[in-house]
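Its first residue numbered 1, the sequence shown is counted upward by one per residue in our numbering. All C-beta atoms in this analysis are idealised placements derived from N, C-alpha and C, irrespective of residue type, glycine included. No experiment lies behind these values; they were computed from the predicted model shown. Structure first, then comments.
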Amino acid sequence: MPDPTVPISEAESHVMDVLWQRAPLTSEQIVAAVQSHSDWHEKTIRTLLNRLLGKGAVNAARDGRRYLYSPTLTRAQWQSQESRSLLDRVFGGRMAPLLTHFSQHEKLSAKDVAELRRLLDAIEQKER
Numbered sequence: 001m002p003d004p005t006v007p008i009s010e011a012e013s014h015v016m017d018v019l020w021q022r023a024p025l026t027s028e029q030i031v032a033a034v035q036s037h038s039d040w041h042e043k044t045i046r047t048l049l050n051r052l053l054g055k056g057a058v059n060a061a062r063d064g065r066r067y068l069y070s071p072t073l074t075r076a077q078w079q080s081q082e083s084r085s086l087l088d089r090v091f092g093g094r095m096a097p098l099l100t101h102f103s104q105h106e107k108l109s110a111k112d113v114a115e116l117r118r119l120l121d122a123i124e125q126k127e128r
């Protein structure tokens, strides 16, 4: 089981996104997919892939003369780690200041507000 707290850079997240969507993939397929929405060079993408391998976020399984790459870190694990990091760094680990910030500086739709109310109601019910 990979370490669910492995740090993934913004650049590395582009490679992970491709793998989360379509793994397993060869390195050539990863390069092509990343290049389809960026101007990154093949060497850059391969370097990012190797970093992810070194961190244990990706594994490589031999398939004949090539390797197939798959994520070992799930998108949900990464999202949890990134959201916790943001909350801790920017809002002192507290959710209320984050929600206050978004309510004051970002437009929340009626649907967003209704969803937040449902979530808060569900949390309140669990605590009873």
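What does the alpha-carbon distance come out to for the pair residue i and residue j?
| i | j | result |
| --- | --- | --- |
| residue 128 | residue 98 | 25 Å |
| residue 43 | residue 58 | 18 Å |
| residue 10 | residue 48 | 10 Å |
| residue 110 | residue 46 | 43 Å |
| residue 80 | residue 86 | 10 Å |
| residue 28 | residue 84 | 33 Å |
| residue 66 | residue 89 | 41 Å |
| residue 69 | residue 82 | 23 Å |
| residue 14 | residue 118 | 32 Å |
| residue 22 | residue 8 | 19 Å |
| residue 96 | residue 64 | 53 Å |
| residue 78 | residue 16 | 10 Å |
| residue 26 | residue 121 | 45 Å |
| residue 76 | residue 116 | 20 Å |
I'd like to confirm the pairing. Which residues does DSSP put opposite residue i in its beta bridges?
| i | result |
| --- | --- |
| residue 25 | 69 |
Return the first residue and the last residue of the alpha helix (DSSP H) that residue i is part of.
| i | result |
| --- | --- |
| residue 120 | 110–127 |
Looking only at its chain, what residues have a beta carbon closer than 6 Å to the beta carbon of residue i, apart from the 5 residues adjacent to it on each side?
| i | result |
| --- | --- |
| residue 31 | 42 and 45 |
Could you pull out every residue in the same chain whose Cβ sits closer than 8 Å to the Cβ of residue i, ignoring the five residues on either side in sequence?
| i | result |
| --- | --- |
| residue 35 | 42 and 45 |
### Task
Please list the segments of the beta strand (DSSP E) lying wholly inside the stretch 46–99, counting only runs of 3 or more residues, in order along the chain.
Counting only runs of 3 or more, we get 58–63 and 66–71.
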